[in-house]
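Peer 1: Below is one structure. I have some questions about it.
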Amino acid sequence: RGVNMGDGWETARRRTPGNDWVIVALGHQGEVEKVIVDTLHFKGNYPDSCSIQGALVKGGTDSQIETQSLFWRELLPSQKLTMHAEHEFAEQIKAIGPITHIRLNVFPDGGVSRLRVLGKVAR
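Spelled out as structure tokens, the structure:
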């Protein structure tokens with residue numbers, strides 16, 4: 001877990017419509033079984049909720065990955081978050097097959113101390 005708020009990821013307050021997000025390449029191609037979204041140390045600046053999308057990206061990434069990620073399959077439907085807590089999601093994970101990348105969406109903005117994606121490596 002993070003040692004303080006500066007050890008996490010915090011987005012600026014959003015004044016325009018939309019939400020903040022980040023794309024993460026997984027260490028190996030695999031099937032996700034559990035996700036942990038940790039808001040430790042984020043008390044007044046945590047996201048209201050989050051969702052996660054995933055995709056199997058073959059042949060490397062290109063400049064279009066940001067746009068493509070808008071259409072990736074839903075891995076974790078929108079989930080309510082609370083301050084300064086670990087949020088573990090397993091039953092809520094959708095079986096979408098092997099993936100290499102995820103897109104964490106935070107609504108509308110806020111801080112995440114840690115994002116853990118657990119599962120099985122797909123050979």
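Letter 23 of the sequence shown, counting from 1, is numbered 23 in UniProt numbering, and no numbers are missing. We put the CB at the ideal spot given by N, CA and C, even for glycine.
Alpha carbon to alpha carbon, how far is Arg73 from Ile96? Give it in angstroms, no decimals.
Peer 2: Rounded to the nearest angstrom, the two C-alpha atoms are 7 Å apart.
Peer 1: How would you call Asn4, buried or exposed, if buried means at least 16 neighbouring beta carbons within 10 angstroms?
Peer 2: So Asn4 ends up on the exposed side.
Peer 1: Does the separation of the CB atoms of Gly27 and His101 fall below 9 Å?
Peer 2: No, these two residues do not count as a Cβ contact at 9 Å.
Peer 1: Among residues of its own chain, excluding the 5 on either side of Arg13, which ones have a beta-carbon nearer than 7 Å to its beta-carbon?
Peer 2: Same-chain partners within the cutoff: Asp109.
Peer 1: Look at the Cβ atom of Thr39, then the Cβ atom of Thr11, and state whether they are nearer than 9 Å.
Peer 2: For Thr39 and Thr11, no; Cβs fall outside 9 Å.
Peer 1: Just mark Leu70 as buried or exposed, buried being the case when its beta carbon has 16 or more other beta carbons within 10 Å.
Peer 2: Leu70 comes out exposed.
Peer 1: Within this structure, are the beta carbons of Lys58 and Leu75 separated by less than 9 Å?
Peer 2: Not closer than 9 Å, so no.
Peer 1: Taking only runs that begin and end inside the UniProt domain "Allantoicase" (2-121), name each unbroken beta strand (DSSP E) of 3 or more residues, in chain order.
Peer 2: Whole beta strand (DSSP E) segments, 3+ residues: 20-38, 49-55, 73-80, 86-89, 99-107 and 114-121.
Peer 1: Just to confirm my understanding: we take Asp48, look at its own chain, exclude 5 residues before and 5 after, and list those with CB closer than 6 Å. What are they?
Peer 2: If we look at Asp48 and ignore the five residues flanking it on each side, its Cβ neighbours are Phe107.
Peer 1: Determine the closest residue to Ser113 out of Pro98, Lys34, Val35 and Glu86, with distance taken between C-alpha atoms.
Peer 2: Ser113 has its Cα closest to that of Glu86, out of Pro98, Lys34, Val35 and Glu86.
Peer 1: For Ala90 and Lys34, what's the separation of their Cα atoms in angstroms?
Peer 2: Roughly 4 Å between the two C-alpha positions.
Peer 1: What do you get for Val121, buried or exposed, if any count of 16 or more other CB atoms within 10 angstroms of its CB means buried?
Peer 2: Exposed, by the Cβ-count rule.
Peer 1: Name the residue from Pro77, Cys50 and Gly6 whose alpha carbon lies nearest to the alpha carbon of Gly18.
Peer 2: It is Cys50.
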